[in-house]
Amino acid sequence: MIVLKTVAANIRNNSALCFKTVLLYFIICLFGYQLFANNDSNDIELKHTFGIKGAWQRVLSINESIRLEMLNTQKAKNLKLEAKLSFLPEVNLSAIYIHLDKPSTIDLIQDRAGFNQIQAGIGNNPPLSNILNIIGTPITILKQDSIFSALNIIYPLYTGNKRLMGAKIANVLAKDSHEALRLRELATFEELVGIYYAVILNKEILHSCMEIEQSAYIHYENAKKLNKLGQIARLELLAAESGLDKAKNATLAAKNALEISQLALDSILGSNQAIPISSLSFQTYILKNEQHYIDMTMQNYPALKIAANGRQIADYKRYIAFGNFMPKIAAFGSYMVTSSDQRFRQIMPNWLIGLNASWSIISPKGKFPQYQIAKIEQIHADTMESKAIKDMQLLIKKSYKQAIFKHEERENLASSIMLARENVRLQEKAFLQGISTSNEVNDARNALLSILVEQQRLAYEEIIYLAKLMALSGEIDEFFNIVEKY
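Its first residue numbered 295, the sequence shown is counted upward by one per residue in my numbering.
Shown next as structure tokens:
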């Protein structure tokens with residue numbers, strides 16, 4: 295009002311000054327509005343709401359463990375390509391420089407003394423003498439310093455099936471890396487569900503504790519009034535105060551648990567303040583029969599496929615070990631590219647091709663023990679696959695039965711909660727009438743809190759078992775359909 299009066303006075307005194315004042319006042323207000331608006335928007339930006347499905351999409355895009363597995367799939371892909379390239383011939387260009395102690399020569403005259411006598415007996419015969427001089431001069435085959443280069447090709451024709459089995463192993467390892475990625479995703483999904491719903495669980499527990507604390511506070515205030523009127527003893531007032539303090543401690547413990555679980559959720563989602571918007575309450579659902587989940591798990595679960603791949607790899611390794619007993623055959627060729635010694639090149643062919651075969655009869659590498667080890671590894675892989683199948687069947691049956699049990703147990707608590715609430719109401723009413731004690735009121739209130747927490751805990755455990763069941767069977771979308779209908 296003071297500002298408006300000042301503005302009005304300025305209008306009457308000086309219209310120009312009035313316009314400047316109003317304009318300045320408008321700019322200040324606009325700047326202040328923008329400042330507060332920016333602060334509010336920054337506060338909003340720090341908070342991110344996530345449904346469980348949105349949280350899962352977020353984790354898929356930022357989780358470092360999943361990224362590492364993706365890198366492993368790329369590595370396996372390149373190893374697979376490397377194995378395919380092993381079927382190509384090896385082509386290389388080689389060069390060599392040689393320095394000899396003296397030039398390499400060939401003397402055509404075996405008996406130098408007899409040759410000298412022949413030269414002396416010829417006499418004055420220039421043509422014949424020149425011919426003998428040429429014959430008697432040693433021929434230089436290789437200079438003292440020489441450089442050679444050649445293009446070489448080597449192509450293994452038969453390696454005892456080692457290359458073929460190696461390529462098959464690389465192919466299986468590439469598939470294995472994708473299964474390892476899927477397995478990491480499913481494990482991360484179960485971890486996310488546990489962390490995400492732990493925050494919701496702790497929020498609901500905190501809400502229940504605050505409700506009980508409020509009830510304890512009302513009871514304490516009533517006890518103070520009754521004690522002041524002399525209707526109850528001081529002991530009852532102290533009991534009411536003690537119940538209030540215990541309720542406060544329960545609230546503090548619930549708040550601390552919520553903060554810790556919130557830290558875990560913020561970490562896995564990479565957010566400063568992740569706010570879950572899903573609930574522990576969801577509509578009644580009907581699971582398919584147990585055999586359906588067993589069959590889906592046997593068909594889709596990555597751990598079982600990894601075990602099967604391990605058995606297949608062990609079988610290929612046995613073939614590789616057996617290949618050590620087989621001969622090795624290779625084709626080769628070489629083309630002389632350059633030579634600094636033209637005389638040597640004249641007596642050498644320009645190119646050559648051939649076959650090379652080798653068969654190791656006795657070797658210090660322990661071929662037979664290696665083959666025995668490969669057979670043992672194959673038996674071990676078969677046993678591990680069989681054990682994995684049995685373990686997964688047991689796990690899926692356990693998860694299925696636990697999900698149903700937790701669901702039934704949670705629903706059966708509805709009447710107990712109604713009874714506990716009614717008991718608290720009656721005990722409070724009886725206390726006001728002087729026919730109940732503070733301890734009885736506290737016991738009724740604690741019983742209500744215990745049942746509420748138990749119901750919330752059962753709902754959380756039901757969701758955990760549902761997530762495990764759907765992850766094992768590869769039906770994560772079905773999990774989202776169940777828990778997001780609330």
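Think of the CB as a built atom: it goes at the ideal place given N, C-alpha and C, for glycine as much as any other residue.
On a predicted model such as this, the values are computed, not experimentally measured, just so you know.
query                                                                                                            : result
Close-in-space but distant-in-sequence residues of the same chain around T482 (CB under 7 Å, 5 per side omitted) : V353, N357, S359 and I360
Any beta strand (DSSP E) of 3 or more consecutive residues that is wholly inside the stretch 527-573             : 567-570
Buried versus exposed call for R528 [16 or more other C-beta atoms within 10 Å across all chains shown]          : exposed
Segments assigned alpha helix (DSSP H), at least 4 residues, entirely inside the stretch 607-665                 : 636-641
Assumed close pair A597, M459 - CB separation to whole angstroms, cut-off 8 Å                                    : Not really, about 25 Å apart at Cβ, beyond 8 Å.
Exposure label - K480; buried when at least 16 CB within 10 Å                                                    : Inspection of the sequence shows that residue 480 is occupied by Leu rather than by Lys. Result: buried.
Presumed contact (8 Å Cβ cut-off) between A548 and N496, rounded CB distance                                     : 6 Å
Y613 vs Q696 beta-carbon contact at 7 Å                                                                          : no
Start-to-end residues for the beta strand (DSSP E) that takes in S398                                            : S398 to I400
Supposed contact pair S628 and L422 - C-beta distance, whole angstroms, cut 8 Å                                  : Not quite, the Cβ-Cβ distance comes to about 43 Å (not below 8 Å), so this is no contact.
Whole-angstrom C-beta distance between A624 and I448, which should lie under 8 Å                                 : 6 Å
Extent of the continuous beta strand (DSSP E) to which S575 belongs                                              : Where S575 is concerned, there is no enclosing beta strand (DSSP E), given that its DSSP letter is neither H nor E.
The stretch 555-571 in contact with the stretch 764-780 per 3-pair CB rule at 8 Å                                : no
Cα-Cα separation between N717 and A738, rounded to whole angstroms                                               : 6 Å
Cβ pair E799, L752 closer than 7 Å                                                                               : Any question about residue 799 goes unanswered here, given that the chain covers just 295 to 780.
Environment of W653 [buried if 16+ CB atoms lie within 10 Å]                                                     : exposed
L520 versus I526: straight-line alpha-carbon distance, rounded                                                   : 6 Å
Nearest-angstrom beta carbon gap, A544 and I512 [assumed within contact, 8 Å]                                    : Rounded, the Cβ-Cβ distance is 16 Å, inconsistent with contact.
Alpha carbon of I499 to alpha carbon of S572, nearest angstrom                                                   : 15 Å
Three-way DSSP call (helix, strand, coil) for V777 in this model                                                 : helix
DSSP three-state assignment for F725, whether helix, strand or coil                                              : helix
Residues bridged to D439 [DSSP beta-bridge criterion]                                                            : H393
Y754: first and last residue of the uninterrupted alpha helix (DSSP H) it sits in                                : S732 to S767
Unbroken alpha helix (DSSP H) run spanning N521, endpoints                                                       : K456 to K522
6 Å CB neighbourhood of C503 in its chain, flanking five on each side removed                                    : A544, T545 and A548
Classification of L394 by the beta-carbon crowding that lies within 10 angstroms, buried from 16 upward          : exposed
Residue burial classification, M764 (beta-carbon count within 10 angstroms, cutoff 16)                           : buried
When A474, L688 and I489 are compared against L365, the one with the closest alpha-carbon                        : A474
Of the residues K611, I400 and K396, the one placed nearest N455, counting alpha carbons only                    : K611
Length of the line joining the Cα atoms of I776 and T343                                                         : 20 Å
Cutoff 7 Å; reference I655; Cβ partners in own chain excluding five residues on either side                      : none
Close beta carbons around F626, own chain, < 8 Å, minus the five adjacent residues each side                     : N446, I447, I448, Y449, I647, G648, L649 and N650
Cβ contact check for the stretch 664-672 and the stretch 601-610: 3 or more pairs under 8 Å                      : yes
7 Å Cβ shell around L451 - same chain, five flanking residues per side excluded                                  : I623, A624 and A625
Close Cβ partners of K661 (< 7 Å) along its chain, the five nearest in sequence each way excluded                : N618 and F619
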